[in-house]
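K.L.:
Protein chains: 2
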Amino acid sequence: MPLKFTVVSESKNTRARLGRLETPHGVIQTPVFMPVGTQATVKTAAPRELEDLGVEIILSNTYHLYLRPGSDVVAEAGGLHKFMNWNRPILTDSGGFQVFSLGPLRTISEEGVHFRSHLDGSKHFISPEKSMQIQMDLGADIAMAFDECAPYPADRDYVKKSKDLTTRWAKRCQTAHTRSDQALFGIVQGGMYKDLRKESALEIMELDFPGYGIGGLSVGEPKDMMYEVLDDLVPIMPRDKPRYLMGVGSPDCLVEAVLRGVDMFDCVWPTRLARHGMVITRQGNMAIRNLPFARDFTPIEEECSCYACQNFSRAYIRHLLKAGEVLGIRLTTIHNIAFLTRLMQEVREAIAADRLLEYSRDFLSVFGTEK
Amino acid sequence: MPLKFTVVSESKNTRARLGRLETPHGVIQTPVFMPVGTQATVKTAAPRELEDLGVEIILSNTYHLYLRPGSDVVAEAGGLHKFMNWNRPILTDSGGFQVFSLGPLRTISEEGVHFRSHLDGSKHFISPEKSMQIQMDLGADIAMAFDECAPYPADRDYVKKSKDLTTRWAKRCQTAHTRSDQALFGIVQGGMYKDLRKESALEIMELDFPGYGIGGLSVGEPKDMMYEVLDDLVPIMPRDKPRYLMGVGSPDCLVEAVLRGVDMFDCVWPTRLARHGMVITRQGNMAIRNLPFARDFTPIEEECSCYACQNFSRAYIRHLLKAGEVLGIRLTTIHNIAFLTRLMQEVREAIAADRLLEYSRDFLSVFGTEK
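Quick note, the sequences are listed as chains Z and X, same order.
Here our numbering is used: the first residue of the first sequence is 5, the next is one more, and so on.
Here our numbering is used: the first residue of the second sequence is 5, the next is one more, and so on.
1) Anything in chain Z within Cβ reach of X:Q178, meaning under 7 Å, just list it in chain order.
2) Answer with yes or no whether the minimum CB distance from X:F101 to chain Z is below 8 Å.
3) From Z:E14, Z:G58 and Z:S131, pick the residue whose C-alpha is nearest to that of Z:R176; which is it?
4) Might you give, ordered along the chain, the residues of its own chain that have their beta carbon closer than 7 Å to the beta carbon of X:N89, omitting 5 neighbours on each side?
5) Say whether chain X places a C-beta atom closer than 8 Å to the C-beta of Z:H280.
6) I'd like to check one pair, X:T66 with X:L142: are the Cβ atoms closer than 8 Å?
7) Under DSSP, the beta strand (DSSP E) around X:R346 begins and ends at which residues?
8) For X:N89, decide whether its Cβ has a neighbour in chain Z, counting only Cβ atoms nearer than 8 Å.
9) Give me the residue from Z:P155, Z:M241 and Z:S364 with the minimum Cα distance to Z:F104.
10) Beta-carbon within less than 6 Å of X:S204's beta-carbon, same chain only, minus the 5 sequence neighbours each way: which residues are those?
11) Output, in sequence order along the chain, the residues in the segment 63-74 of chain X whose CB is closer than 7 Å to any CB in chain Z.
12) Using a Cβ-Cβ cutoff of 9 Å, what residues of the segment 309-334 of chain X are near chain Z? List them in chain order.
13) Would you list the one or two residues that DSSP bridges to X:S64?
14) Can you find a CB in chain Z that lies within less than 8 Å of the CB of X:L43?
15) Tell me whether the beta-carbon of Z:R293 lies closer than 8 Å to the beta-carbon of Z:L344.
16) Which residues mark the beginning and the end of the beta strand (DSSP E) in which X:N289 is found?
17) Beta carbon of X:Y216, beta carbon of X:K198: below 8 Å?
18) Select from Z:P108, Z:R279 and Z:R243 the residue whose C-alpha is nearest the C-alpha of Z:L335.
19) Counting Cβ pairs closer than 8 Å, one from the segment 246-253 of chain X and one from the segment 265-276 of chain X, do we hit at least three?
20) Helix or strand or just coil, what does DSSP make of X:V47?
21) Using a C-beta to C-beta distance shorter than 8 Å, which residues of chain Z count as neighbours of X:A342?
22) State the beta-bridge partners of X:I1 as determined by DSSP.
23) For chain Z, is any of its Cβ atoms less than 8 Å away from the one on X:F150?
24) Mind pulling the alpha helix (DSSP H) runs of 4 or more residues that sit fully within the segment 298-323 of chain Z?
25) Run through DSSP, which three-state label would Z:L22 get?
26) Around the Cβ of Z:G377, are there at least 16 other Cβ atoms within 10 angstroms (buried) or fewer (exposed)?
27) Which term fits Z:S64, buried or exposed, when burial requires 16 or more other beta carbons within 10 angstroms of its beta carbon?
28) Below 7 Å on C-beta distance, what does Z:E80 contact in chain X?
29) Would X:V252 and X:L200 qualify as a contact pair, given that the criterion is a beta-carbon distance under 8 Å?
30) Along the chain, where does the alpha helix (DSSP H) containing Z:E362 start, and where does it finish?
31) Taking CB distances under 8 Å as the criterion, tell me whether Z:K47 reaches chain X.
32) For my contact list, Z:G74 and Z:F150 are in at a C-beta cut-off of 8 Å; report their separation, rounded to the angstrom.
33) Would Z:V77 count as contacting chain X if we go by Cβ distances under 8 Å?
34) What distance in whole Å lies between the Cβ atoms of X:A81 and Z:A319, which are believed to be in contact at a cut-off of 8 Å?
35) Run through DSSP, which three-state label would X:S126 get?
36) Going by DSSP, what residue range makes up the alpha helix (DSSP H) through Z:T111?
So, in structure tokens, the structure goes:
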């Protein structure tokens, strides 16, 4: 098996657990947040900067790499790790979510999805088998099954059909996936319908994947609804497999989901926020372009050890952002990744010391207000 | 004196010399190329990356910093070094060149220059005294006199008046400049007219500055014309003061000007070129976005020790540039600065070994063809 997951310790009064995920490119400590490197680069950051920040795994996007530079080019480079010079673990998504997001540019059938490239309008087709082939070419440590992610809101009938299709596709993915140094995760769907979620979980777990994605959440529903789905779903998921909540990355959601037993997360939000000049702090998000920071010569966060906070002032970063200088979004990106990496580190320490509930209460007293 | 310049050795059969320039923020070995950090940042690069590349001094632009964030903000931060976290030497230009480049947005009088900001159209006035005040606020190691840079072509009468004005302004700058930990360089003008160049040199040298800029070259004239001006001008400049050829940075011009006795250079060209996806190599400039590099998994230059060449392939950098990813222009910028820094290092070694003529001949056999 390319993957070994060990539950190191469990929180007594929550569902949180501390885990250790061994992959061909190294060990990941869970709960973990994975920064997103859509096009084989975490936007604005260099691999050595991510290593310095303690990032243990990144996510990259199959749809984007398939279109550009082409998975054949990445394979010829020796795989995604070599291509982008990132020697730690990588997870690739299946391409499904991006393809479905194309709206009128795509049509779904039992066989797969026909779509037109958002880059040049060219016609393409991705099936479960094709997604597996692309992901095997990319060579990430963890690949994801090709699923259909139902939108929110969606009626029960649509979500049921979508969930059934996802199960049939999961089987085809499992058959098509043959790369022995890569783990394939199944994905649970079922929208906001508890019975469909349960059906999906049982069907997907029946296939016995080495890990499970929880898809179709954080797609526009209220946060409380997401937490309710997790409250119902996680207890029927196996204890000894990593649970990955896809597309979630705001600080409050991370902590709430860890409390509910989730191990892995990814989201473009913290890095996208950074490129819009917003930095995450213990006092909430801060629009550093604003005038009050023009003569603020303190760092973004006094207690943060990232390169941005150790070397530059809010006033300087504001100047860079106002002047459209790349270094500005580099520094906000570094800080936001540092913030989430440190948050997950603290969460792990709190689980180990069995004081996660207190930690969460303190933390959410600021971030929980953003619901 | 805030500056000490020592000629370490001289080339026997050229005018080149190896120098050592001591400043309040450290020693610079000359001949030296100064990357340009227009808005208090060398575009796309972080200070630690420039340090890693062996950059010993950068240039920053008074006009831009005066408008944004304002020299008062920089002064309040503790000066430009602290503001941008660059602890090695800095040279600031006078703002003159940028202001004159505004064309219809400015009017020149004996007193100074009235102009409108290119950012918001607001009205401003910079005089020699104001330029000194701004540069003293910025606190670079080397400030430049406020001069008028005549365009090319320009008739003799215009250039003479402009040169005379530059001399009068140089005196006013010298009077107004009072910062003891900052050196002020005079600037020789005179366009392409040899007699005016000589007059300007004698007038400016009469004022006894600790270093001299050569302005008004590389403004559109043929390269041979620039070399002829240097051939005439440099021999009448003092041996014991640094000579700074402003705005020059293509590899062939650097080598040709070093042969003619120039010690310092700056230019936006190598970093601007990088942002357009062009990398400088021993084989000439290379448009790395081009199709032939799509599956070229070799580095930009096999023998280059920069972060880009040590870690990434042409194919990957091409992918980043095609995909509009910031890391692409970060890597091309790093490489181009590395190329020029290494070139100047080699030039210094060649002077020390008194084999600069041979070195130049070999080097210019590639780059000299671009005239």
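Even for Gly, the Cβ is constructed at its ideal location relative to N, Cα and C.
P.N.:
Inspection of the coordinates gives the following:
1) What you label residue 178 of chain X is simply residue 174 of the second sequence in a count that begins at 1. Those do not exist, as X:Q178 stays about 31 Å from chain Z at its closest Cβ, beyond 7 Å.
2) Along the second sequence, one-based indexing puts residue 101 of chain X at 97. Not an interface residue.
3) Walking along the first sequence from the start, residue 176 of chain Z turns up at place 172. The shortest C-alpha separation from Z:R176 is found at Z:S131.
4) Your numbering for residue 89 of chain X matches position 85 in the second sequence. Around X:N89: P51.
5) The sequence position of residue 280 of chain Z within the first sequence is 276, counting from 1. No, Z:H280 does not count as interfacial toward chain X.
6) Taking the second sequence and counting its residues from 1, one reaches residue 142 of chain X at position 138. Taking the second sequence and counting its residues from 1, one reaches residue 66 of chain X at position 62. A contact, by the Cβ cut-off of 8 Å.
7) For the purposes of this step, residue 346 of chain X is identified with residue 342 of the second sequence, where counting begins at 1. It is not in any beta strand (DSSP E) - X:R346 instead sits in the alpha helix (DSSP H) that spans V330 to A356.
8) Along the second sequence, read from residue 1 onward, the residue named residue 89 of chain X stands at position 85. Nearest CB-CB separation between X:N89 and chain Z: below the 8 Å threshold.
9) For this step, residue 104 of chain Z is matched to residue 100 along the first sequence. It is Z:P155.
10) As a first step, residue 204 of chain X must be located in the second sequence, where it is residue number 200. Here the set comprises K167, V192, Q193 and G194.
11) R72 and P73
12) Y311, N315, F316, S317, A319, Y320, R322, H323, L324, K326, A327, G328, E329, V330, L331, G332, I333 and R334
13) To locate residue 64 of chain X, count along the second sequence from 1; it is residue 60. BP columns for X:S64 point to X:T96.
14) Counted from its first residue, the second sequence places residue 43 of chain X at position 39. Residue 43 of chain X is actually Gln in this sequence, not Leu. It does; some Cβ of chain Z falls within 8 Å.
15) The residue you call residue 293 of chain Z lines up with position 289 of the first sequence. The residue you call residue 344 of chain Z lines up with position 340 of the first sequence. Their beta carbons are not under 8 Å apart, which means Z:R293 does not touch Z:L344 by this criterion.
16) Counted from its first residue, the second sequence places residue 289 of chain X at position 285. Taken as a continuous stretch (DSSP letters only), the beta strand (DSSP E) holding X:N289 covers G288 to A291.
17) Taking the first residue of the second sequence as position 1, residue 216 of chain X is located at position 212. Taking the first residue of the second sequence as position 1, residue 198 of chain X is located at position 194. Annotated as distal: X:Y216 and X:K198, with beta-carbon spacing of 8 Å or more.
18) On the first sequence, position 331 is the one that residue 335 of chain Z refers to. Answer by Cα proximity: Z:R279.
19) A contact exists between the segment 246-253 of chain X and the segment 265-276 of chain X.
20) Within the second sequence, the letter at position 43 stands for residue 47 of chain X. Reading the sequence as shown, one finds Lys at residue 47 of chain X and not Val. The answer is coil: DSSP assigns X:K47 none of H, G, I, E or B.
21) Taking the second sequence and counting its residues from 1, one reaches residue 342 of chain X at position 338. Within 8 Å Cβ-Cβ: nothing; X:A342 doesn't reach chain Z, min ~15 Å.
22) Residue 1 of chain X is absent from the structure shown; chain X starts at 5 and stops at 375.
23) Residue 150 of chain X sits at position 146 when you count from the first residue of the second sequence. Output row for X:F150: interface = no.
24) 311-315
25) Taking the first sequence and counting its residues from 1, the one referred to as residue 22 of chain Z is at position 18. Reduced to three states, the DSSP call for Z:L22 is strand.
26) Any question about residue 377 of chain Z goes unanswered here, given that chain Z covers just 5 to 375.
27) As a working note, residue 64 of chain Z is residue 60 in the first sequence. With 16 or more Cβ atoms within 10 Å of its Cβ, Z:S64 is classed as buried.
28) Position 76 of the first sequence, counting from 1, holds the residue named residue 80 of chain Z. The answer, in chain order, is R299.
29) Mapped onto the second sequence, residue 252 of chain X falls at position 248. Mapped onto the second sequence, residue 200 of chain X falls at position 196. At the C-beta level, X:V252 and X:L200 stay beyond 8 Å of one another.
30) As a first step, residue 362 of chain Z is located in the first sequence; it is residue number 358 there, counting from the start. Here the alpha helix (DSSP H) through Z:E362 covers L360 to F371.
31) Here residue 47 of chain Z refers to the residue found at position 43 of the first sequence. Closer than 8 Å: yes.
32) Position 70 of the first sequence, counted from the start, is the residue given in the question as residue 74 of chain Z. Position 146 of the first sequence, counted from the start, is the residue given in the question as residue 150 of chain Z. 19 Å between Cβ atoms; not a contact.
33) For the purposes of this step, residue 77 of chain Z is identified with residue 73 of the first sequence, where counting begins at 1. Chain X, which has a Cβ nearer than 8 Å to the Cβ of Z:V77, makes this yes.
34) Numbered from 1 along the first sequence, position 315 holds the residue referred to as residue 319 of chain Z. Numbered from 1 along the second sequence, position 77 holds the residue referred to as residue 81 of chain X. In this structure Z:A319 touches X:A81 by the C-beta definition: roughly 6 Å separates them, less than 8 Å.
35) Numbered from 1 along the second sequence, position 122 holds the residue referred to as residue 126 of chain X. Correct three-state label for X:S126: coil.
36) The count along the first sequence starts at 1 and reaches residue 111 of chain Z at position 107. Counting along the chain, Z:T111 falls outside any alpha helix (DSSP H), though it belongs to the beta strand (DSSP E) covering R110 to I112.
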